[in-house]
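**Student:** Chains as they are written, first to last, in the working numbering: chain A, 1 to 524; chain B, 1001 to 1302.
Ideal placement from N, C-alpha and C gives every residue a C-beta, glycine not left out.
#1: For residue 493 of chain A versus residue 462 of chain A, is the C-beta distance shorter than 9 Å?
#2: What does residue 1202 of chain B reach in chain A if we use C-beta pairs closer than 7 Å?
#3: Within 10 Å of its beta-carbon, does residue 111 of chain A have 16 or more other beta-carbons around it, so buried, or fewer, so exposed?
#4: Answer yes if the stretch 342-361 of chain A comes into contact with the stretch 415-432 of chain A, meaning at least three C-beta pairs across the two stretches below 8 Å, and no otherwise.
#5: Output yes if chain A places a C-beta closer than 9 Å to the C-beta of residue 1123 of chain B; else output no.
#6: With 16 other CB atoms within 10 Å as the buried threshold, where does residue 1225 of chain B fall?
#7: Could you name the residues of the same chain whose beta carbon sits closer than 6 Å to that of residue 1023 of chain B, not counting the 5 residues immediately before and after it, in chain order?
#8: If you drop the 5 nearest sequence neighbours on each side, which residues of the same chain put their C-beta closer than 6 Å to that of residue 1231 of chain B?
#9: Taking a cut of 8 Å between CB atoms, which residues from the stretch 140-163 of chain A lie near chain B?
#10: For the beta strand (DSSP E) holding residue 10 of chain A, just list the boundary residues, first then last.
#11: What is the rounded straight-line gap between the Cα of residue 1111 of chain B and the Cα of residue 383 of chain A?
#12: Excluding five sequence neighbours on each side, which residues of the same chain lie with their C-beta closer than 7 Å to the C-beta of residue 1021 of chain B?
#13: To which residues of the same chain is residue 436 of chain A closer than 7 Å at the C-beta, ignoring the five residues directly before and after it?
#14: Does the stretch 51-60 of chain A come close enough to the stretch 72-80 of chain A to have 3 or more Cβ pairs within less than 8 Å?
#15: Shortest alpha-carbon distance to residue 1261 of chain B belongs to which of A:285, A:259, A:203?
#16: Among residues of its own chain, excluding the 5 on either side of residue 1291 of chain B, which ones have a beta-carbon nearer than 7 Å to its beta-carbon?
#17: Measure the beta-carbon distance from residue 295 of chain A to residue 469 of chain A and round it to whole angstroms, keeping in mind my assumption that it falls under 8 Å.
#18: Within 9 Å of any Cβ in chain A, is that where the Cβ of residue 1275 of chain B sits?
#19: Would you mind sorting residue 1063 of chain B into buried or exposed? The rule is 16 or more other CB atoms within 10 Å of its CB.
#20: DSSP three-state label for residue 387 of chain A, please.
#21: Whether or not the stretch 207-215 of chain A and the stretch 83-94 of chain A are in contact is what I'm after, with contact meaning three or more pairs of Cβ atoms, one per stretch, closer than 8 Å; do they touch?
#22: Identify the contact partners of residue 1197 of chain B in chain A, using a Cβ-Cβ distance below 8 Å as the criterion.
#23: So, does the stretch 397-404 of chain A touch the stretch 324-340 of chain A, judging by three or more C-beta pairs under 8 Å?
#24: Is DSSP giving residue 176 of chain A helix, strand or coil here?
#25: Is residue 1278 of chain B closer than 9 Å to residue 1057 of chain B when the C-beta atoms are compared?
#26: How many angstroms separate the CA atom of residue 1158 of chain B from the CA atom of residue 1098 of chain B?
#27: Which residues does DSSP list as the beta-bridge partners of residue 258 of chain A?
#28: Using a C-beta cutoff of 9 Å, does residue 1261 of chain B count as contacting chain A?
#29: Could you name the residues of chain B that residue 193 of chain A contacts, counting a contact when the two beta carbons are closer than 9 Å?
#30: Taking only runs of the alpha helix (DSSP H) that begin and end inside the stretch 1025-1099 of chain B, which ones reach a length of at least 4 residues, in chain order?
#31: Go through its chain and collect everything with a Cβ distance to residue 1108 of chain B's Cβ below 7 Å, but skip five positions before and after it.
#32: In chain A, which residues lie less than 7 Å from residue 1132 of chain B when you measure between Cβ atoms?
#33: Using the C-alpha atoms, what's the distance from residue 328 of chain A back to residue 169 of chain A?
#34: Do you know offhand how far residue 142 of chain A's Cα is from residue 97 of chain A's?
#35: Drop a sphere of 10 angstroms on the beta-carbon of residue 100 of chain A, count the other beta-carbons inside from all chains shown, and report buried for 16 or more, exposed for fewer.
#36: For chain A, is any of its Cβ atoms less than 9 Å away from the one on residue 1137 of chain B?
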């Protein structure tokens, strides 16, 4: 077994959060190693315009899904490879609202975050500038922003116009979405050419995944990115401090080697399934229930977004596959409204599934197959799709455990994921779908159908101010294990009704600053 | 008036042209004749370049309306008359050039109105706030006014002496051109400003025309009211700088095309030309600046 020389930080998972961490820590002069289970993609050579081929961007290792309403796990909820799911995410770069951080105080549900909007605001700004977010001139929802988006919004595409027309007719506010693809050049990266394959990997580097932004900057600053390295254990020393990460590295011949990377600080950024899994797999005599799990909260409180899509058939061709699918948005229904029979709310956004994905939606929602499906698909260009991002409340029964018998290709226990909608979630979902339908009809849709789906993962190692009911503190430091940090979407306390990537990245940027500051004070 | 150092070619031209110049009415002084020829050349070249820009933009707009063909067809006819005027030193084609230039101003005004209608038809135009967004991605607000400017310039280059004399008796040609420059700058400035804002001023050079054109415009306005030598220096500086901006802008826009995906590659060049920074657009400013400089030289000869 190869043991690598100790570095300042090892980061497990170089995705939305890990990418930010490796870059910021390396630029602060730290010696940094980023481990990623998947390959280090070269967008110009590895990405092609083929839906099926690009499924390689998803995490497709063996997993078990269960619970009352099992969620799909092998699709776009996770990513594999450097850049993680930011390589295939739909690029909405939204800030959470101020209310999202205090849902217990305001709505009496879930828990308040140990962070406030004001804590994250400077980091939202930092990440938006680093990624070059293109957003509207003004953002009418939540309290005002301090500054404008760094880049101007993209033009409306066909679906964008449908949402805009529908909202105008109903008196609903809409805006071009704030999205992570360039509308003008930024350093070496060119502006978007509206190819429309964003969610299957951008071949032009216009999409601001961490793969082409933070990770490139990190490598320039001297960070080492070690792809094809699947972490399976965080090792602690007798004093209980995290000291190293053991991982399986697959070499270019497909041979698997066990290696160990020692570090002063271990940061786990594997997202809501792999992070709890790694902590649970790191159980030892010292930590019999898994690492950092004295509260018993590791793997609990997993959330998704209800992301039902309603498609409307328009009289004119819409060509929803053209231009970035995340095109326009309304957050008029984001906050708790006393008139509703549920608390919290949802965003409605445009989507633009490519033909195979659309055919899947048609087949599964309308039960069409064979000739019927083929004939239906002739109308593909006439369909406009509106997606929901509906808030889901955390519940302890939803989460990740290790499967008792089944193992993956490395012989590691596979994760078993359990999910079921709560009553509030279901009511919210129903209201959202009705709203999507209403907007499409107001825009002139002749017929609509809804496809049920979920998106995003949040929670599983939530942050808090009390060690008895949370896994990490507000700085993402594990309560029970010194030298161990957990920094990714799993620390989310609530899910909000915003796509989570920007908040994940803002938390990572803040965590990096806190680590650097603590390092300067010799407190690590 | 033109006793001071008429050039040899000027004398020769005058001798040759004199018998024919009755077509245009009275006699033009050599500096003015030269200015008219220079203006004809500048107008013709600018019109041809505007055609390229116009064709690219309307093609990108898919010629959604039949009206979009009008400037594409009309422009080359005007440019051809201008080219004939330039090639023959004004002996042929000048009258046609004048009439066509007058017609071009009408095309410009219709185009201007239609562009505003195009913007107002887009979703969200019920709120003034969305006008900027719709202008960013709708038909460019002030672009058709370039045809108005070129039409007027063409008229200046072709008006018969009898028609021009009463005006020029009251306002000397250099001051007239200073006022013309000053009138041209606000729409150009606004157009450049909002389109560079769409590009987020990602290159700091995008600020150059936005910050300096108003100064050039103000200098031109002030100089239009004065015959002093200071006014001439200010007007020359304003026009010289405007011309320089145009030349540099073309360079920056060509560089901007290179920065887009695929740059000038065989498979990307056309796409980038259509969707990237409009390469011929800054040449309109170059033309305006050169016209101003030419008028200053003619005025200095008074």
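**Tutor:** On the basis of the data shown:
#1: Here residue 493 of chain A refers to the residue found at position 493 of the first chain. Here residue 462 of chain A refers to the residue found at position 462 of the first chain. Going by C-beta atoms, residue 493 of chain A is nearer than 9 Å to residue 462 of chain A.
#2: In the second chain, residue 1202 of chain B corresponds to position 202, counting from 1. In chain order: 184, 185, 186.
#3: As a position in the first chain, residue 111 of chain A is number 111, starting the count at 1. Buried, by the Cβ-count rule.
#4: yes
#5: Counting from one through the second chain, the residue named residue 1123 of chain B turns up at place 123. For residue 1123 of chain B, the answer is yes, since a Cβ of chain A falls inside 9 Å of its Cβ.
#6: Within the second chain, the letter at position 225 stands for residue 1225 of chain B. Residue 1225 of chain B comes out exposed.
#7: Reading the second chain from its first residue, position 23 is the one you call residue 1023 of chain B. Residue confidence for residue 1023 of chain B is low, a pLDDT of 42 falling below 50, so the modelled location carries little weight and cannot support an answer.
#8: Here residue 1231 of chain B refers to the residue found at position 231 of the second chain. The answer, listed in chain order, is 1223.
#9: 150, 151, 152, 153, 155, 156, 161
#10: Counting from 1 along the first chain, the entry for residue 10 of chain A is found at position 10. First-last of the beta strand (DSSP E) with residue 10 of chain A: 2-12.
#11: In the second chain, residue 1111 of chain B corresponds to position 111, counting from 1. In the first chain, residue 383 of chain A corresponds to position 383, counting from 1. About 34 Å.
#12: Mapped onto the second chain, residue 1021 of chain B falls at position 21. Confidence at residue 1021 of chain B is low in this model, with a pLDDT of 39, below 50, so the placement of that residue is unreliable and no value is reported for it.
#13: Translated into the one-based positions of the first chain, residue 436 of chain A becomes position 436. Contacts found: 310, 348, 386, 388.
#14: yes
#15: Position 261 of the second chain, counted from the start, is the residue given in the question as residue 1261 of chain B. Comparing Cα positions, the closest option is A:203.
#16: Along the second chain, one-based indexing puts residue 1291 of chain B at 291. Cβ within range, chain order: 1039, 1042, 1153, 1177.
#17: Against the first chain, residue 295 of chain A aligns to sequence position 295. Against the first chain, residue 469 of chain A aligns to sequence position 469. That belief holds up - the Cβ atoms of residue 295 of chain A and residue 469 of chain A are roughly 6 Å apart, short of 8 Å.
#18: Against the second chain, residue 1275 of chain B aligns to sequence position 275. Residue 1275 of chain B counts as touching chain A.
#19: Position 63 of the second chain, counting from 1, holds the residue named residue 1063 of chain B. Burial call: exposed.
#20: By one-based count along the first chain, residue 387 of chain A stands at place 387. In the structure shown, residue 387 of chain A sits in a strand (DSSP, three-state: E or B).
#21: yes
#22: Within the second chain, numbered from 1, the residue matching residue 1197 of chain B stands at position 197. In chain order: 152.
#23: no
#24: On the first chain, position 176 is the one that residue 176 of chain A refers to. Correct three-state label for residue 176 of chain A: strand.
#25: As a first step, residue 1057 of chain B must be located in the second chain, where it is residue number 57. As a first step, residue 1278 of chain B must be located in the second chain, where it is residue number 278. In this structure, residue 1278 of chain B lies closer than 9 Å to residue 1057 of chain B by Cβ.
#26: Here residue 1158 of chain B is taken as the residue at index 158 of the second chain, counted from 1. Here residue 1098 of chain B is taken as the residue at index 98 of the second chain, counted from 1. Taking the straight line from one Cα to the other gives about 5 Å.
#27: Position 258 of the first chain, counted from the start, is the residue given in the question as residue 258 of chain A. Beta-bridge pairing links residue 258 of chain A to A:248.
#28: By 1-based counting over the second chain, the position of residue 1261 of chain B is 261. Taking Cβ atoms only, chain A reaches closer than 9 Å to residue 1261 of chain B, which makes this a yes.
#29: The residue labelled residue 193 of chain A in the question sits at position 193 within the first chain. Under the 9 Å cutoff, chain B gives 1260, 1261, 1262, 1268, 1271, 1272, 1275.
#30: 1030-1060, 1069-1087
#31: Here residue 1108 of chain B is taken as the residue at index 108 of the second chain, counted from 1. Here the set comprises 1144, 1145, 1147, 1148, 1151.
#32: Position 132 of the second chain, counting from 1, holds the residue named residue 1132 of chain B. Those within 7 Å of residue 1132 of chain B in chain A are 137.
#33: As a position in the first chain, residue 169 of chain A is number 169, starting the count at 1. As a position in the first chain, residue 328 of chain A is number 328, starting the count at 1. Cα to Cα, the separation comes out at about 15 Å.
#34: For this step, residue 142 of chain A is matched to residue 142 along the first chain. For this step, residue 97 of chain A is matched to residue 97 along the first chain. Rounded to whole angstroms, residue 142 of chain A to residue 97 of chain A spans 6 Å at the Cα level.
#35: On the first chain, residue 100 of chain A is found 100 positions in, with the first residue counted as 1. Flag for residue 100 of chain A reads buried.
#36: Start at 1 with the first residue of the second chain, and residue 1137 of chain B comes out as number 137. Judged by the 9 Å Cβ criterion, residue 1137 of chain B is in contact with chain A.
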